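In full-length UniProt numbering, the protein residues as written are 1 to 71. Backbone N, C-alpha and C define an ideal beta-carbon position, used for all residues, glycine too. As the structure is a computational prediction, the values presented were derived from the model and not from experiment. The structure under discussion appears below in the form of structure tokens.
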Amino acid sequence: MSSSGEKKTASQTDGKAAQSKKSEMGMMSYRMYVFDQENFQGRMIEINAECMNVCEMGMDRVRSLRVECGP
Numbered sequence: 001m002s003s004s005g006e007k008k009t010a011s012q013t014d015g016k017a018a019q020s021k022k023s024e025m026g027m028m029s030y031r032m033y034v035f036d037q038e039n040f041q042g043r044m045i046e047i048n049a050e051c052m053n054v055c056e057m058g059m060d061r062v063r064s065l066r067v068e069c070g071p
């Protein structure tokens, strides 16, 4: 117990459990915008899950992209 009388859980005292929970959430968050022309113009596809091949999503050529979050 701390001097103020509050009980702390294991995750609060060492920080490992809370940190691993955050990293698990961060690893599963994806957000990327793919454009078929330069300078973020043309047709745009938003990818918010793991994508191994953008051609399967109907994008033949990627000329620019913007990654907002993801591994």
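Using the Cβ count rule (16 or more neighbours within 10 Å means buried), how would you classify residue i?
i	result
Phe40	exposed
Val34	buried
Gly58	exposed
By Cβ distance below 7 Å, which residues in the same chain neighbour residue i in space, the five residues on each side in sequence not counted?
i	result
Val67	Met32
Leaving out five residues on either side along the sequence, give the residues of the same chain with a beta carbon under 6 Å from the beta carbon of residue i.
i	result
Ser64	Phe35, Glu38, Phe40
Ser23	Residue placement at Ser23 is flagged as unreliable, the pLDDT there being 48, under the threshold of 50; the coordinate-derived value follows with that caveat. Answer for Ser23: no residue qualifies.
Arg43	Asp36
Quick one: grab the DSSP three-state call for residue i.
i	result
Val54	helix
On the premise that residue j lies in contact with residue i, defined as a C-beta separation below 8 Å, what is that separation, rounded to the nearest angstrom?
i	j	result
Asn53	Tyr30	About 15 Å separates the two Cβ atoms, so there is no contact after all.
I'd like to confirm the pairing. Which residues does DSSP put opposite residue i in its beta bridges?
i	result
Phe40	None; Phe40 has no bridge partner.
Met32	Ile47, Val67
Among residues of its own chain, excluding the 5 on either side of residue i, which ones have a beta-carbon nearer than 8 Å to its beta-carbon?
i	result
Val62	Val34, Phe35, Asp36, Val54
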